[in-house]
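Report on the following structure.
Residue numbers (the numbering used here): -18 to 94.
Here's what the structure looks like:
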């Protein structure tokens, strides 16, 4: 009888431990630090120039701002670059958006994800 009680106690403890971890957002990771977001943005910028998705003049673009955007459940890093040598004034600032983990999400000239 003692072995049965011990088994049942072990079993109930095992299931209660599972319930303790069963809450929303338990797998949510903390966002990467700003410096890491900047490094990832620089990496994406170089890749885009290398793939000819951006003009070669963007190689010398200046990083001007890194902003953590909290839009409800969506959290993004926005890394902004300025290229004064771009012919079109509207396209002198380029924005790269990264998720909490530093993965590329999108990029554009508007600053809106």
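Virtual Cβ for every residue (Gly too), placed ideally from N, Cα, C.
Taking its Cβ as the centre, do 16 or more other Cβ atoms sit within 10 Å of residue i, making it buried, or is it exposed?
| i | result |
| --- | --- |
| residue 59 | buried |
| residue 53 | exposed |
| residue 42 | buried |
Our contact map puts residue i next to residue j with C-beta atoms below 8 Å; I'd like the distance itself, whole angstroms only.
| i | j | result |
| --- | --- | --- |
| residue 90 | residue 71 | 7 Å |
| residue 26 | residue 85 | Rounded, the Cβ-Cβ distance is 11 Å, inconsistent with contact. |
| residue 47 | residue 19 | 5 Å |
| residue 56 | residue 88 | Actually they are not in contact, since the Cβ atoms of residue 56 and residue 88 sit about 17 Å apart, beyond 8 Å. |
Kindly list the residues whose CB is nearer than 6 Å to the CB of residue i, restricted to its own chain and excluding five residues on each side of it in sequence; keep chain order.
| i | result |
| --- | --- |
| residue 92 | 76 |
| residue 39 | 30 and 64 |
Suppose the cutoff is 8 Å on Cβ atoms and the five residues either side in sequence are ignored; what does the same chain contact list for residue i look like?
| i | result |
| --- | --- |
| residue 83 | 13, 17, 18, 21 and 58 |
| residue 7 | Because the pLDDT at residue 7 is just 48, under 50, the model does not fix this residue reliably, and the point stays unresolved. |
Runs of beta strand (DSSP E) lying entirely within the segment 12 to 92, each at least 3 residues, in chain order: Runs found: 43 to 52, 55 to 63, 74 to 79 and 85 to 89.
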